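One point on numbering: in our numbering, the residue at position 59 of the sequence shown is 59, and numbering is uninterrupted.
Just so it is clear, CB atoms sit at the ideal spot from N, CA and C, and this is done for glycine as well.
All of these numbers come straight from a predicted model, not from anything done at the bench.
Inspection log for the structure reproduced underneath, given as structure tokens.
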Amino acid sequence: MRLTEVGVGKYLKRWGLSFQRPDKRTVEQDPDAVRRWREETWPQIRAKAKAHGGEILFADQVGIRSDQVTGRTWGEKGKTPVVRRSGNRFSVNAMSAISTKGRMHFMVFTESFTAEVMCRFLDRLAGHFDHKIHLVVDGHSAHRSKKVRDWLAAHPDDVELHFPPPYSPELNPDELVNADLKHSLPKQHRARNQAELAAETRRFFRRRQRQPHIVRGYFGGPHVRYILDENPMSF
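This is how it looks when you write it as structure tokens:
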């Protein structure tokens, strides 16, 4: 039987399929480790936080460059639209943490992300809570450094770190914050120096802090719904 491309598409839609952009996964990811995180480790973290009146946040760091241009716009055919940017190259970094309650905490900094910066972020984060924080972060070397371990040992009632499986950024909804920042910032930013770029980055985070419904929406993606699932074993 010979079918046209349009005809094949109609059959696929009838069978419940849709045309999609494939998600990316690294070949180094361990599917069994991901399954254990969702079905075993995460329920244990949630139960532990609930039993002791704690709160769970997901955190990640991101870098923003002055020459970054994302997104598309309409333009006359043959005439590519031009976006004006500074010819100087500079960057800033940020660390953010979000919760299912719509809370967001952040820190913008200009130096590289190091153990010292992570400890400074933990200090600031702990100062916002009167109960223990269970912070989910990736396996960055700064997160596992001796300085951070020493800080955690000195503040056992303030913060506890938890690490998802390696090569699994899709398990952390704070990755969507980073994508949101990189998508939103270039639309308006005209930073001419590092200080202006840092100020624009802070404005983005402060705006999101006033939009808890958007922060909660980061937890609605297909790969992080397990966080809200009351019965993760059924994921």
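The continuous alpha helix (DSSP H) containing VAL148 extends over residues 146-154.
By the CB criterion at 8 Å, GLN61 and MET104 fall outside the cutoff.
According to the DSSP assignment, HIS105 belongs to the beta strand (DSSP E) that extends over 104-109. Here the stretch 121-136 makes contact with the stretch 52-59; the two share three or more CB pairs at distances below 8 Å.
In its chain, beyond the 5 residues on either side, GLN61, ASN93, ALA142 have a beta carbon closer than 7 Å to the beta carbon of PHE113. Note on TYR11: under 16 other CB atoms within 10 angstroms of its CB, so exposed under the neighbour-count rule.
Straight across, the Cα-Cα distance linking GLN29 with PRO169 is about 10 Å. Assignment of ARG46 by DSSP, reduced to helix, strand and coil, places it in the helix class. By a beta-carbon distance limit of 8 Å, TRP37 does not contact PRO222. Their separation comes to about 16 Å. Scanning the stretch 179-221 for uninterrupted alpha helix (DSSP H) segments of 4 residues or longer gives 194-209, 212-217, listed from N- to C-terminal end. The alpha-carbon separation between PHE163 and GLY139 amounts to approximately 6 Å.
Between the stretch 175-186 and the stretch 148-163, the count of Cβ pairs shorter than 8 Å is below three; the stretches do not touch. When the alpha-carbon of ARG89 is set against those of HIS128, VAL215, ILE64, the nearest one is in ILE64. Per DSSP, the unbroken beta strand (DSSP E) holding GLY63 starts and ends at 55-65.
In this structure, the beta-carbon distance from LEU197 to VAL159 does not fall below 8 Å. In this structure, the straight-line span from the alpha carbon of PHE106 to that of SER66 is close to 20 Å. The Cβ atoms of THR100 and LEU228 sit closer than 8 Å to each other. C-alpha of PRO81 to C-alpha of TRP74: approximately 8 Å in a straight line. Of the residues THR201, GLN194, TYR218, the one whose Cα lies closest to the Cα of ASP174 is TYR218.
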